[in-house]
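Residue numbers (our numbering): 3 to 207.
Positions of the beta carbon are idealized from the N, C-alpha and C atoms, including for glycine.
See structure below.
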Amino acid sequence: MSDTLTFQASLLDQTTAEPTFDPTFAHLRRHRLPDAAWIDRQPGWVSGADQLYQAAEAHLPWRTGTERIRGSEVARPRLVASVDRDALPPDLRLLGLLSDALSHRYGVRLDAITCNLYRNGRDSVAWHGDRVARDLPEAIVAIVSLGEPRPFRVRPRGGGSSLSWSAGHGDLLVMGGSCQRTCEHSVPKVAAAGPRIALMYRVRR
């Protein structure tokens, strides 16, 4: 990347070993939501996540863009990248292994990999349900968070009380059931934050 981001490594992730993950999902916990929606979460699912963050920031084809908000086309407040899992550089081959493990766990092929890079506290994503999944009765969207933690919020579609989790440094969060139809999620702006990358795994459509 041409811009230099200030990344603060986790004191809990000081390892020189290659990044890896827990294939047993031993600490995965499910949070059930209304209308048959649910969220699975495992903190620290990826170990050595800070190394993986640095490789992803350096090697993924990050780009800017625009999005429509309240009827107007505005600059997208984050960078995005798509991943070709058949052409991953050596430092990012773990992304394909994560896809395989998640696909086996949830019984669907989660081989569409996209990424968001939140450069600082001003970068965000507004309340939404994933367009590629919300016309399905049930859908799985898995998110692996790398870099500094940010709040990840979920609320009923159209508004209401929200739930919030901290997501960063290798945490796994999986939205399933009716979540994309009946709930919305967001990563809000915050006063100050270091960079975070979200690796998102979906069914290819």
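query = Is DSSP giving A58 helix, strand or coil here?
reply = A58 falls in the helix class under three-state DSSP.
Exercise for the section: Rank T184, E20, A19 and M202 by C-alpha distance to the C-alpha of D113 and give the top, closest one. Expected result: Closest by alpha carbon: M202.
### Beta bridge counterpart(s) of T22 as assigned by DSSP
Partner(s): S49.
Is the separation between the beta-carbon of C117 and that of V143 shorter than 8 Å? no
Inset, instruction - Would you mind giving the Cβ-Cβ distance between A103 and E150, rounded to the nearest angstrom? I have them listed as a contact below 8 Å. - result: In fact, because the Cβ distance is near 24 Å, the residues do not count as touching under 8 Å.
Euclidean distance between Cα positions of W64 and L96 = 18 Å
### Task
Leaving aside the five residues before and after H61 along the sequence, list all residues of the same chain whose C-beta is less than 8 Å from its C-beta, in chain order.
P91, D93 and L94
- Does the beta-carbon of A19 have 16 or more other beta-carbons within 10 angstroms, so that it is buried, or is it exposed? Exposed, since its Cβ has fewer than 16 Cβ neighbours within 10 Å.
Count Cβ pairs between the region 167-178 and the region 69-89 that sit closer than 8 Å; are there 3 or more? no
How far does the alpha helix (DSSP H) with G98 in it reach, from first residue to last?
L96 to Y108
> If R152 and V192 are in contact, beta carbons under 8 Å, what's the gap, nearest whole angstrom?
Replying inline: 7 Å
- Length-filtered (3 minimum) beta strand (DSSP E) runs lying within the region 108-188: Secondary structure within the region 108-188: the beta strand (DSSP E) runs of 3 or more consecutive residues, fully enclosed, are 114-120, 127-130, 143-149, 152-158, 165-169 and 173-179 (chain order).
Report task. Just mark I71 as buried or exposed, buried being the case when its beta carbon has 16 or more other beta carbons within 10 Å. Result -> Exposed: under 16 other Cβ atoms inside 10 Å.
Per-residue DSSP class, three states only, for R209: No statement about residue 209 is possible, as the shown extent of the chain runs from 3 to 207 and does not include it.
task = Assign S180 to one of two classes, buried (16 or more other C-beta atoms within 10 Å of its C-beta) or exposed (fewer than that).
result = Classification for S180: buried.
* Asked: Nearest to L124 by alpha carbon, out of F154, R206, G67 and V189?
  -> At residue 124 the sequence reads Arg, which differs from the Leu that was named. Answer by Cα proximity: V189.
Quick one: Cα of S4 to Cα of A38, how far? Residue confidence for S4 is low, a pLDDT of 43 falling below 50, so the modelled location carries little weight and cannot support an answer.
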